[in-house]
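Taking the numbering used here, the leading residue of the sequence shown gets 28, the next gets one more, and so forth. Glycine included, C-beta positions come from ideal geometry on N, C-alpha and C. Here the structure is laid out as structure tokens; the discussion comes afterwards.
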Amino acid sequence: EILDGDVSFDKPAELENVTVLFCDLAGFTRASEKLGTMTVSNIINEFFTVMSDVIFEHGGTIDKFIGDSIMAVFGAPKAMDCTEQAERATNCARAMQEAMEGLKLIWMTDGAGDLSLRVGIHQGDAVVGNFGSYRRVDYTCIGSNVNLASRIESVCEPGQIFISEVIARLVDEGACELAGEFELKGIDEAQILYRVCR
């Protein structure tokens with residue numbers, strides 16, 4: 028799409044409405060302490076490979092890999108309306124959890140079959156564009172809504188998908204259930220979060 032001129036990363040930073048998805052491997056830090064270097068490397072590479080394919084299949088953009096975490100964005104650089112973003116992100120998260128079941132079977136032989144995936148999703152305005160220096164530039168999105176998505180993921184139960192109220196209002200009725208009210212680090216007000224039904 029970039030080569031065809033349909034999508035461009037070469038534009039000034041601007042405020043856009045985006046849906047941000049964070050996921051990570053619950054239990055990985057503890058597991059990596061007992062697994063060998065090669066095993067840890069193989070697990071991470073397999074995880075990133077499989078999840079990247081799932082994200083791309085659902086129209087997401089991978090923003091970055093952070094340790095054993097992935098940050099993905101829906102709605103930039105390719106524009107989508109709010110509902111489409113929410114639906115694509117939640118469907119993507121469901122597919123990631125399904126793919127995780129297959130990975131766990133593979134990792135069982137390495138003694139890492141008890142790893143679980145946590146996913147947090149939120150939608151809101153963020154500054155999107157190229158940030159960095161003349162030596163290195165990243166296309167990314169920044170802002171309080173990005174931080175909120177990260178905090179939602181951090182309180183998510185292993186093996187589950189937690190979404191904000193904003194996302195819950197946009198997805199189909201019956202697609203999620205109340206998870207509860209949560210105090211999130213660095214967020215002033217308690218947040219009502221929902222668990223995506225699978």
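Looking at the structure shown, is residue 202 part of a helix, part of a strand, or coil, going by DSSP?
Here residue 202 is taken as the residue at index 175 of the sequence shown, counted from 1. Here residue 202 sits in coil by DSSP.
Ordered list of beta strand (DSSP E) runs contained in the segment 31-78, each at least 3 residues
41-53
Counting C-beta neighbours from all protein chains within 10 Å, is the total for residue 148 16 or more, i.e. buried, or is it exposed?
Mapped onto the sequence shown, residue 148 falls at position 121. By the 16-neighbour rule on beta-carbons within 10 angstroms, residue 148 is buried.
For residue 97, the first and last residue of its enclosing beta strand (DSSP E):
Looking up residue 97 in the sequence shown gives position 70. Here the beta strand (DSSP E) through residue 97 covers 96-101.
In whole angstroms, give me the CA-to-CA distance for residue 115 and residue 222.
By 1-based counting over the sequence shown, the position of residue 115 is 88. By 1-based counting over the sequence shown, the position of residue 222 is 195. About 16 Å.
Helix, strand or coil at residue 145 [DSSP, three-state]:
Indexing the sequence shown from 1 puts residue 145 at position 118. Strand at residue 145.
I need the boundaries of the beta strand (DSSP E) containing residue 91, first residue and last residue.
Taking the first residue of the sequence shown as position 1, residue 91 is located at position 64. Run containing residue 91: 88-93, per the beta strand (DSSP E) assignment.
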